[in-house]
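Asks: Position 611, counted from 1, in the sequence shown is what this note's numbering calls 1038; the numbers after and before it change by one each time, with no gaps. The C-beta atom is built at its ideal place from N, Cα and C for all residues, glycine as well. Every value quoted in this text rests on a predicted model; they were computed, and no experiment measured them. Would you mind keeping the following structure in view while I ask a few things?
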Amino acid sequence: MMALVAIVLGGEHGNAAESTAHITAHSRASLITDHDTIGPDGTIKVGLHLQLQPGWHTYWVNPGDAGDAPHMSVEASGGARGESHLFQWPVPERINEGGLMAYAYTGSVVLSQTLHVVGSSGSSVTLKATADWLVCADVCVPENGEFTLTLPRSASASNEESAEASLFHAAEASLPQTSPFQTTLLPDGVLQMEGAGLSPEMVKDAWFLPLQGGMIRQTAPQNLTVTKGRVSLSLLPDASQRAPLWQVPLSGVVVLEDKAGERSAMQVLAQPVTPVASPMPPPFTAPGIAKVLLFALLGGVILNLMPCVFPVLAMKALSLARMGGAGRREQVESAVFYACGVVVSFGALGAVMIALRSVGSVAGWGFQFQSSGFVVAVCWLLFVLALNLLGVFQVTTGKLAGTLDQMGRTQGRSGDVLTGFLAVLVATPCTAPFMGVAIAGALAGPVLLGMAVFLAMGLGLAAPYVLIATVPGLASRLPRPGAWMEVLKQFLAFPLLASCVWLLWVVSVQHGSSFVLVTAGGAVLLALGCWLYGLGQRRAMRDGGAFETSMAYGLAVLCGILSCVGLGMALSSDQTGPSPEIARKQSGAVEPFSESRLAALRAEGTPVLVDMTASWCITCMVNERVALEAPSVRALFDQHHIVTLRGDWTNRDEAISAYLKKHGRDGVPFYLYYPPHQDGTMLPQILTPHGVINTITGSVDHP
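Below you can see the structure in the form of structure tokens.
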């Protein structure tokens, strides 16, 4: 027990260094001093002495999740004044009160401060104090009292201590000491102490007591990791915290307990450690800039082969089929407008990411898919486009020229631009080879270079279609338009519906079955709205019934509004948690990622694979099933006792974003293998079982 030993409740009247006591059924309070007289320098220690009945407690400077700290104001006739913020606070106990954490004192406690009484008039000094404190057991009772104590002045510099001085000495022995260890706060919310004397043999248990309430989740377990020279405690931010915990210094007390049960308490100020990105040598030299731009262009080209982009490529296949009988000018126009849509969209996405980085955010590639609202909106958009391809309704040229069924027609190129926008929209969950280095260079270098990189990726994504449309030899081989195109158009709705199923799964991984119900229900309402819209179109074309047509259009709009309202209500009531799908896989040799756990495993000499993934990242899911879950790879992991630390970036996670940035990456997938007692080896973004095995066996064979 860090509080003072309980003292039997005394009488009502104090002695020379103690005021008359304030006594209730729950506590006894008095004003005490460490000397019976005030010496020539006018310095004296005063304290609020609280003695509590068994089963009752009062509170520390940070009371915890509930309660209130004691307060006292002292005035001396010689001109001194003291307030409760000057108290010296002994280390409290931790008391769990029905699921709430309290930092409190039981038994007896002295909250002291030093007064400097000025002036020399008078033979005595009168101290007057008012105090209030809260005592709690099964119920809480606020108490208060007024105290008066008169002390004579002494001309002797060596005046003797009072009978109450031992209480002050005991209180001082319970104060936290200044920590000799360097204390930092890591991006994943881990409070870390480093220094000689810290070891598993010396530290059996440890916990952190924050000086300020509302900073950490005080009832959450503080997972302890102890290695030679380092103690780490995992802290979770309080639900009221808007900014990440690691962005501001955190003050408090760390209590260390050894195997004999002896405790030592240290006052700490944990300074946040801001991750520094790995240096990017290329961006500021001409060869480096050329390399980054080349990687961006190649990454954009390869992105056409990623599964994310397949639904949009299916729509472009329909456009190419329609162009088979078109003139060369129309083919070139279609390609140019599609490329403009892709490049402008890439530029806008790059501008948003660069702007977010400039204000301190750690947004990376695919960051928008961390928003459930965005995922649901894309799912609904693709669903509506699929209904359009199936003929449920038509988007006429006069309303939104060139959308899907109008692609390639002479009355507008809005459809080509829209398709380019969609290509970028659905491409972001995928990361192609070369893109990681290019995006990291874009976000680490100057703004102009960053924009150039994103524009180069856009050109790469649009390049294959532009080549087909503009090279005469390729365009002439396209099939001629015919009745088969309507069948193809309807068939191409199914890749879009497959994408909707995938996005529905992403939503379920992010937020569970309740959000799936909201998404599916909204899709049904949108389907009803599209059907009503198509009904109104057919009615208008048949007999021009204005009232019935307007009614159908109005009901269609209402369905869309109801879907959006339902989504907004779900988002406002949602409490984001860890991805259930990825959490289910974090068993056995797969653990959730944290910097402290990585440091502990590496200190033990355990080989570690860091796997940064997200449920909306198709490349990540393919890598996991094709490579990481391959029997040969799992057998090798078991043979060498490799632990996988999996970081789930499905929802926004500052610690994972910081780790990616530290290693020069801004998106997932990202893989880093740490052999025992060696630096990490980066794996490619597209994994194969053979490549993973070669990386691990190469590290094993060459320690």
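Name, in chain order, the residues that DSSP records as bridge partners for His476.
Replies: Ser457 and Val537
Asks: Using C-beta distances below 7 Å, list every residue in its chain close to Leu989, excluding the 5 sequence neighbours before and after it, in chain order.
Replies: Leu952.
Asks: DSSP three-state call for Pro664: helix, strand or coil?
Replies: strand
Asks: For Val1035, I'd like the list of residues in its chain whose CB is within less than 8 Å of its CB, leaving aside the five on either flank, ordered along the chain.
Replies: Leu1025, Leu1028, Arg1029, Ile1069, Val1070, Thr1071, Leu1072, Tyr1100 and Tyr1101
Asks: What's the gap between the Cα of Leu721 and the Cα of Met878?
Replies: Inter-residue distance for Leu721 and Met878 is about 14 Å (C-alpha atoms, whole angstroms).
Asks: Alpha carbon to alpha carbon, what distance is there between Met1048 and Ser935?
Replies: 15 Å
Asks: Note down, one range per segment and in chain order, each alpha helix (DSSP H) of at least 4 residues found wholly within the region 559–631.
Replies: 592–600
Asks: What does DSSP give as the partner residue(s) for Trp487 in the beta ladder?
Replies: Its beta-bridge partners do not exist; DSSP assigns none.
Asks: I'd like the span of the beta strand (DSSP E) that includes Asp1145, first residue to last.
Replies: Any answer about residue 1145 is impossible in this case: the structure gives the chain only from 428 up to 1130.
Asks: In the DSSP output, which residue or residues are listed as bridge partners for Trp634?
Replies: Its beta-bridge partners are Val682.
Asks: Count the other CB atoms, across all protein chains shown, that sit within 10 Å of the CB of Gly533; report buried if there are 16 or more and exposed otherwise.
Replies: One detail in the question is off: residue 533 reads as Thr in this sequence, not Gly. By the neighbour-count rule (16 or more Cβ atoms within 10 Å), Thr533 is buried.
Asks: Rounded to the nearest angstrom, how far is the Cβ of Leu618 from that of Pro699, given a contact under 8 Å?
Replies: Between Pro699 and Leu618 the Cβ distance is about 10 Å, and since that is not below 8 Å, they are no contact.
Asks: Taking Ala723 as the reference, which of Ile1120, Val680, Gly777 and Leu677 has the closest Cα?
Replies: Gly777
Asks: Candidates Thr897, Val851 and Tyr765: which alpha carbon is nearest Ala775's?
Replies: Val851
Asks: Which class does Phe514 belong to by DSSP, given the choice of helix, strand or coil?
Replies: Three-state DSSP puts Phe514 in coil, outside helix and strand.
Asks: How far does the alpha helix (DSSP H) with Glu1022 in it reach, from first residue to last?
Replies: Residues Glu1022 to Ala1030.
Asks: Please go through the same chain and pick out, in chain order, the residues whose beta-carbon is closer than 6 Å to the beta-carbon of Asp1136, but skip the five residues on each side of it.
Replies: Within the shown structure, residues of the chain are numbered from 428 to 1130, placing residue 1136 beyond reach of any answer.
Asks: For Leu886, tell me which candidate among Ala762, Trp929 and Leu808 has the shortest Cα-Cα distance.
Replies: Closest by alpha carbon: Ala762.
Asks: Tell me the DSSP bridge mates of Arg966?
Replies: Answer is none; Arg966 lacks a bridge partner.
Asks: Report back the beta-carbon spacing between Leu477 and Ala456 to the nearest angstrom; my notes put them in contact at under 8 Å.
Replies: 5 Å
Asks: Flag this pair as yes or no: are the beta carbons of Ala531 and His484 separated by less than 8 Å?
Replies: yes
Asks: So what does DSSP say about Gln1066, is it helix, strand or coil?
Replies: helix
Asks: Between Val518, Cys927, Ser583 and Gln609, which has its C-alpha nearest Val811's C-alpha?
Replies: Cys927
Asks: Which stretch, first to last residue, makes up the beta strand (DSSP E) that contains Phe1097?
Replies: Phe1097 to Tyr1101
Asks: Taking all protein chains shown into account, decide if Ser550 is buried (16 or more other Cβ within 10 angstroms of its Cβ) or exposed.
Replies: Exposed, since its Cβ has fewer than 16 Cβ neighbours within 10 Å.
Asks: Which term fits His449, buried or exposed, when burial requires 16 or more other beta carbons within 10 angstroms of its beta carbon?
Replies: A residue is called buried once 16 or more other Cβ atoms fall within 10 Å of its Cβ, and His449 is buried on that count.
Asks: Ordered along the chain, which non-local residues of its own chain (more than five positions away) have a Cβ less than 7 Å from that of Glu510?
Replies: Ser500
Asks: Can you confirm whether Cys806, when its beta carbon is compared against all beta carbons of chain C, has any partner nearer than 8 Å?
Replies: This model lacks chain C altogether, as it is built from one protein chain only.
Asks: Compute the Euclidean distance between the alpha carbons of Ala697 and Phe635, then round it to the nearest angstrom.
Replies: 11 Å
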